[in-house]
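Have a look at the structure below, then the notes.
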Amino acid sequence: MANTPTLPTSSTHDNNTLIAVLGAGAIGQLMYHKLSVNTQTNDVMFIGRDKLTRQQPLNFIDHTQHNHESLATILGTDDDRLVQVELLFVCVKAYQVEQALLPLLPKLSPQCHIVLLHNGLGPHLLVAAALSQYQGIGLTLGTTSQAALKLSQWQVKHSGFGVTQLGHYCGSAMSTALKMRISHLQSDNQPIEWYQPVLPVLWQKLAINAVINPLTALNQCANGQLAATEYQSQISAIIDELVEVAKYDDITLDKAAVRARVYQVIELTSANFSSMYQDIAHNRPTEINEINGYICQQAKAHHLKVPNNQYLVDKVLQLSQS
Ligand SMILES: NC(=O)C1=CN([C@@H]2O[C@H](COP(=O)(O)OP(=O)(O)OC[C@H]3O[C@@H](n4cnc5c(N)ncnc54)[C@H](OP(=O)(O)O)[C@@H]3O)[C@@H](O)[C@H]2O)C=CC1
Ligand SMILES: CC(C)(CO)C(=O)C(=O)O
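In terms of full-length UniProt numbering, the sequence shown is residues 1 to 322.
Structure, rendered in structure tokens:
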């Protein structure tokens with residue numbers, strides 16, 4: 001069930017809270033700009049790959065087509081300010097989470113709270129296991145229906161609107177002060193919803209990606225083409241398997257509701273080319289292992305067979321290696 005924390009309407013939050021975004025890509029730059037709205041101080045920064053901190057000019061085109069120029073700080077991995085980060089948004093691709101985040105954990109304070117915001121599932125298990133050695137650090141998981149397009153490395157356009165769904169997963173819960181601070185993400189009326197538990201919401205999003213991403217990549221089509229009758233039985237089979245695996249993972253999903261939501265997203269994003277379609281088209285690695293691959297991994301753990309999802313993993317991996 002979604003719930004919205006009761007937040008005071010006046011802005012009483014601490015403007016000096018240091019927020020960092022790991023992964024300065026499309027979604028990372030979108031989050032950076034949304035979190036920076038109305039802040040007087042430079043309290044939102046990126047964390048980069050390099051050891052040294054540097055400044056980076058950015059260009060952001062907002063939902064009203066306005067251009068915003070800014071100068072961002074990209075904290076180096078040796079910067080002492082990492083210990084001051086109170087909130088860390090992880091916006092790398094699912095397959096990059098382990099390599100990007102785990103080396104940073106010893107440099108963060110026990111008061112830091114981490115938010116994972118990628119498509120797919122699986123990295124949360126690795127991160128939660130690693131966090132067991134860092135008492136205090138809390139983990140929130142989330143997914144966003146907002147979309148951003150990287151026009152060039154440091155120019156990002158806000159290209160899609162929707163809800164950002166978040167929920168506590170392990171460790172200390174996010175403080176009310178931090179929840180108030182990130183309410184800035186709603187500055188353009190794109191809501192943040194809080195869920196407890198959060199995993200059913202993430203499985204629901206997994207279903208959307210498990211159907212749309214590999215089918216558009218393999219059939220080289222826009223999302224909307226999946227509404228055609230020829231895909232109906234394959235879509236039903238992918239969802240049937242996912243719902244069964246989720247059940248063994250203690251997540252109850254309503255098959256008809258999942259199916260209806262998948263078709264709704266196919267319709268709402270009909271002109272889009274999915275991220276997996278684009279990754280394949282640009283010879284980039286895909287998130288298949290964290291999408292259909294996660295369903296297969298959990299199925300294996302529960303001794304279940306998921307031939308339709310396994311077929312998609314194999315085919316997409318073949319395509320991305322060819
Ligand atoms: N773009 C969108 O509209 C949406 C994306 N998502 C999801 O959000 C996640 C991020 O997607 P997106 O923003 O498009 O991906 P991008 O590839 O644009 O962004 C990822 C960024 O992380 C950086 N990065 C990777 N590894 C490290 C590291 N070790 N240290 C520091 N930075 C690192 C990458 O740098 P480099 O490029 O140099 O490798 C890149 O800038 C994905 O899971 C995606 O599915 C969800 C909804 C919409
Ligand atoms: C919802 C969808 C399928 C939109 O294209 C997406 O999240 C993606 O492309 O990764």
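Note that CB positions come from ideal geometry on N, CA and C, so glycine has one too.
Quantities reported herein were computed from a predicted structural model and do not represent experimental measurements.
Judged by their CB atoms, leucine 116 and valine 90 are nearer to each other than the 8 Å cut-off. Going by DSSP, tryptophan 194 is part of the beta strand (DSSP E) stretching over 192–195. Glutamine 29 counts as buried, since no fewer than 16 other beta carbons sit within 10 angstroms of its beta carbon. The continuous alpha helix (DSSP H) containing glycine 28 extends over residues 26–36.
Judged by DSSP in its simplified three-state form, glutamate 230 adopts helix. When distances are taken from the beta-carbon of serine 172 to the heavy atoms of ligand 1, even the shortest one reaches 7 Å or more. Judged by DSSP secondary structure, serine 275 falls within the alpha helix (DSSP H) whose first and last residues are 275–281. Annotation for proline 123: Ala94, Val97 place their beta carbon closer than 6 Å to its own, counting only its chain and skipping 5 residues before and after.
With contacts defined by Cβ atoms closer than 8 Å, glutamine 146 and glutamine 190 form a contacting pair. Each residue's CA atom was taken as its position, placing valine 83 and lysine 107 some 6 Å apart. If you measure from each CB to the nearest heavy atom of ligand 1, the residues under 6 Å come out as Leu22, Gly23, Ala24, Gly25, Ala26, Ile27, Gly28, Gly48, Arg49, Cys91, Val92, Lys93, Ala94, Gln96, Gln99, Ala100, His118, Asn119, Thr144, Ala147, Ala148, Lys150, Ser275, Glu287. With respect to alanine 227, tyrosine 263 sits close: the two C-beta atoms are nearer than 8 Å.
A check of alpha carbon separations from isoleucine 238 across Asn309, Asp249, Thr252 identifies Asn309 as the nearest. Glutamate 287 carries a coil assignment under DSSP once its states are collapsed to helix, strand and coil. The alpha carbon of glycine 142 has as its nearest neighbour, out of Gly167, Gly160, Val127, Gln133, the alpha carbon of Gly167. Fully contained in the stretch 128–190 are the following alpha helix (DSSP H) runs of length 4 or more, in chain order: 176–181.
One alpha carbon belongs to leucine 131, the other to glutamine 111, and they sit about 12 Å apart.
The nearest non-hydrogen atom of ligand 2 is 7 Å or more from the C-beta of isoleucine 114. Distance from histidine 118 to valine 92 at the Cβ level is roughly 7 Å; contact confirmed, criterion being Cβ atoms closer than 8 Å.
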